[in-house]
């Protein structure tokens, strides 16, 4: 029972390249960022149905970390998601994601980003980011600072 | 009719370097900067006059193949924590999710 690495969901990329009817748009869809404790075992190779919020490993009860309206259950909206590209890469980035100013959260080991617009399945997971240990905040602000190279980067 | 003008100016400082800033947003917000005192990391600023300590927390787990965020000395940093008299803030530095293709 534990996190071990960050990854993108394989089934999500199958959707990107081969199932136009279930198209996910990383620029215009609405996305949310959820926080998780260390009881889960993220699995990038799980089925598409299980790689979604409230399914598979990503069932909220006993696993998701949240605090009322400060960091709501089912996540905080990802602001300004955008795809950009350059020589040898395609990058997906967004504004850093922050809680309210009075959040109390404990044992946060990682986050999962999902598409709140998708319907088949609903709330399709895009990727999960392992923070590398336990993190907490007490009556303060919890911020996920995305990497300078984005949330997710495809090298080609 | 009397009109009340609210001054939304906020002054920010960093306990680890000399950088200061002023913002004029009405909504709640925070301010980050590239901190020389924390070896170039993107670190949160605090409202001027706040009694606090801002410190880095090194990654606890193996880095392995993770594309983590590092400081100027190459140390993997998991988070920047602000300890205040009345609470604690945390900015986690999320690793990049890499998707690669091989020729």
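Residue numbers (this note's numbering), protein chains in the order written: chain A, 6 to 161; chain B, 2 to 104.
Glycine included, each C-beta is placed from N, C-alpha and C at the ideal position.
Simplified DSSP state of residue i, which is helix, strand or coil
i                      : result
residue 145 of chain A : strand
residue 158 of chain A : strand
residue 96 of chain B  : coil
residue 123 of chain A : strand
residue 17 of chain A  : helix
residue 62 of chain A  : helix
residue 39 of chain A  : strand
residue 176 of chain A : The structure shown does not extend to residue 176 of chain A, since chain A is modelled only from 6 through 161, so no value can be given for it.
residue 70 of chain B  : coil
residue 53 of chain A  : coil
residue 43 of chain B  : strand
residue 18 of chain B  : coil
residue 48 of chain B  : strand
residue 106 of chain A : coil
residue 72 of chain A  : strand
residue 134 of chain A : strand
residue 117 of chain A : strand
residue 104 of chain B : Its pLDDT being 48, under 50, residue 104 of chain B is placed unreliably by the model, and nothing is read from it.
residue 12 of chain B  : strand
residue 58 of chain B  : strand
residue 152 of chain A : strand
residue 84 of chain A  : coil
Reference residue i; option with closest CA among the options
i                      : options                       : result
residue 156 of chain A : A/109, A/122, A/101 and A/129 : A/101
residue 1 of chain B   : B/32, B/27 and B/83           : Because chain B is modelled from 2 through 104, residue 1 of chain B falls outside the range shown and cannot be assessed.
residue 41 of chain B  : B/3, B/52 and B/76            : B/76
residue 126 of chain A : A/70, A/13, A/7 and A/28      : A/28
residue 39 of chain A  : A/124, A/136, A/160 and A/53  : A/136
residue 76 of chain A  : A/59, A/143, A/35 and A/122   : A/143
residue 86 of chain B  : B/80, B/54 and B/45           : B/54
residue 78 of chain B  : B/47, B/39, B/50 and B/66     : B/39
residue 123 of chain A : A/108, A/19, A/15 and A/35    : A/35
residue 117 of chain A : A/62, A/108 and A/138         : A/62
residue 20 of chain A  : A/140, A/115 and A/120        : A/120
residue 152 of chain A : A/139, A/97, A/16 and A/161   : A/97
residue 80 of chain B  : B/29, B/25, B/26 and B/45     : B/45
residue 82 of chain A  : A/93, A/71, A/103 and A/65    : A/103
residue 149 of chain A : A/158, A/110 and A/159        : A/110
residue 18 of chain B  : B/58, B/34 and B/71           : B/34
The ligand SAH heavy atom lying under 7 Å from the CB of residue i
i                     : result
residue 44 of chain B : By its list of ligands, the structure shown contains no ligand whatsoever, and the ligand SAH lies outside what it can speak to.
**Request:** Return the residues of the stretch 24-51 of chain B that lie within a Cβ-Cβ distance of less than 8 Å from chain A, sorted by chain order.
**Result:** With the criterion set as a beta carbon lying under 8 Å from some beta carbon of chain A, the members of the stretch 24-51 of chain B are 29, 31, 33, 43 and 45, in sequence order.
**Message:** Residues of the stretch 12-24 of chain B in Cβ contact with chain A at a cutoff of 8 Å, in chain order, please.
**Reply:** none
**Prompt:** Are at least three pairs of beta-carbons, each pair with one atom in the stretch 91-99 of chain B and one in the stretch 9-18 of chain A, less than 8 Å apart?
**Reply:** yes
**Message:** What are the residues in the stretch 80-96 of chain B lying within 9 Å of chain A by C-beta distance?
**Reply:** 80, 81, 82, 83, 85, 87, 88, 89, 90, 91, 92, 93, 94, 95 and 96
**Message:** Contact between the stretch 38-58 of chain A and the stretch 75-95 of chain A is defined here as three or more beta-carbon pairs at a separation below 8 Å; is this criterion met?
**Reply:** yes
**Item:** the stretch 143-161 of chain A: positions lying closer than 8 Å to chain B by Cβ
**Value:** 143, 144, 145, 146, 147, 148, 149, 150, 151, 152, 153, 154, 155, 156, 157, 158, 159, 160 and 161
**Request:** Note down, in chain order, all residues in the stretch 57-75 of chain B with a beta-carbon under 9 Å from any beta-carbon belonging to chain A.
**Result:** 58, 59, 60, 61, 62, 63, 64, 65, 66, 67, 68, 69 and 70
**Prompt:** In the stretch 113-141 of chain A, which residues sit with their C-beta less than 8 Å from some C-beta in chain B, listed in chain order?
**Reply:** 113, 116, 132, 133, 134, 135, 136, 137, 138, 139, 140 and 141
**Asked** Between the stretch 84-113 of chain A and chain B, which residues of the former have CB atoms less than 7 Å from a CB of the latter, in chain order?
**Response** 103 and 106
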